[in-house]
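Counting from 80, one number per residue, gives the positions in the first sequence under my numbering. Here's the structure, in structure tokens; my notes come after.
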Amino acid sequence: MPELPEVETTRRHIAPYLINNEIKDVLIYKGAERLAISHTASEMIRELVGRRITNLERHGKYLLFLLDDNRTWVVHLRMTGALIISKPISPKQKYERARIILDNDNVLLFDDMRKFGTWHIVKNIIDAMPKIGPDAYSSEFTVQWLLEKLSQRKIPVKSALLDQKIVAGIGNIYADEACFDAGINPNRSSNDLSLHKVKLLHGSILSVLDLALGNGGTTFSNYRDGYGRAGNNSINAKVFRREGFECSRCDGTIVKIKLGGRGTHYCPSCQK
DNA sequence: ACTATGCCCTGGGTGC
DNA sequence: TGCACCCAGGGCATAG
């Protein structure tokens, strides 16, 4: 599932093919019209065609395509979405839901098996990402911010990491990995962590994201980068989908539980 | 104000 | 082999 490192990897791959190029045509295939949230699919096509992409940014898991009319095309890949640069004559892919044709003759494929991905076109990006918190890589995401937000809530730490109002960009994989790295039981109440533990957790969040980004993201099943390739970071997972295996830090065994409706992996021996 | 649950969607896995 | 069922989960709507 694309989280911050995967979305950032995609952004870096596709940006050079898009910036300063004009959108010549857009196809949204039959059955995929629901991806268009702020407009109907046909309206969205009309709004995009003829626009030049001036920059490509990211906030959390959202990709922000800045357009030359000062609006922003906001894309969220959700669970199985991918944006892949391709050649103009490439045949339609099995799960290709939309296709953007550029005036440099490259095409951008929007591939999304489960059709959860969303598109908005907005004047103010807040309309596409209401109440979103600071990006995990931004200067606003400090230990102090994390401490304040965790202390205001009484939810499991892992659930807090998944809450994009607290910090934007973490999904199920890196929430589990960050809790492991910090030695925190994901079920611990968020308002129950010492300053020392919050400092550890903040550092762990950044280090697991950095490691994943350095390896081009994590692919367990569906994630593909801007060239359609799998990421290389799954070998670095210490707990995610490792239930039944020995812990890499102690003699415990990784377990899998359900927490907030999400599969959650941790070591009961060394995560307290 | 808060937290918890169901929904969207499709493929892969499991059990009978 | 086939078929029914469950699971995967990001963000939103709704319920309590």
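Positions of the beta carbon are idealized from the N, C-alpha and C atoms, including for glycine. Since the model is a prediction, treat every value here as computed from it, not as a measurement.
Sort the options by Cα distance to residue i and report the nearest one.
i	options	result
glutamine 243	Gly212, Ile93 and Arg232	Gly212
lysine 140	Ile333, Leu241, Asn183 and Glu126	Leu241
lysine 109	Leu162, Ala177 and Ile102	Ala177
lysine 210	Ser273, Ser230, Ile245 and Ala316	Ile245
cysteine 346	Glu325, Glu87 and Glu136	Glu325
leucine 181	Asn311, Ala257 and Ser165	Ser165
arginine 232	Gly248, Ala207, Ser269 and Phe259	Ser269
methionine 158	Ser273, Phe319 and Pro81	Pro81
asparagine 311	Phe299, Ile284 and Lys317	Phe299
aspartate 255	Gly339, Arg303 and His199	Gly339
asparagine 315	Asp206, Gly295 and Arg303	Gly295
Is residue i helix, strand or coil when you go by DSSP?
i	result
glutamate 82	coil
tyrosine 345	strand
alanine 177	strand
alanine 309	coil
glycine 196	coil
valine 318	coil
glutamate 219	coil
serine 269	helix
Can you name the residues that DSSP bridges to residue i?
i	result
phenylalanine 144	Leu135 and Trp152
leucine 187	Ile164 and Ile179
valine 334	Tyr345
aspartate 214	Ala247
valine 277	DSSP output for valine 277 lists no bridge partner at all.
valine 201	Thr151
proline 235	Ser268
glutamate 256	Glutamate 256 is not bridged to any residue.
glutamate 227	Beta-bridge pairing links glutamate 227 to no other residue.
Run the proximity test for residue i: is its beta-carbon closer than 7 Å to any non-hydrogen atom belonging to the ligand GTP?
i	result
proline 213	As far as ligands go, the structure on display features none, and thus does not contain the ligand GTP.
Is it true that the region 213–222 meets the region 183–194, where meeting means three or more beta-carbon pairs spaced less than 8 Å apart? no
Contact between the region 164–172 and the region 275–282 is defined here as three or more beta-carbon pairs at a separation below 8 Å; is this criterion met? no
What are the uninterrupted segments assigned as beta strand (DSSP E) that are 3 or more residues long and contained completely in the region 85–140, given in chain order? 102–107 and 132–138
Spell out a yes or no on whether the region 278–298 and the region 222–241 are touching, meaning 3 or more CB-CB pairs, one atom from each, closer than 8 Å. yes
Could you say if the region 102–119 and the region 326–334 meet the contact criterion of at least three C-beta pairs nearer than 8 Å? no
I want to know whether the region 84–100 touches the region 125–136 - three or more CB-CB distances under 8 Å. yes
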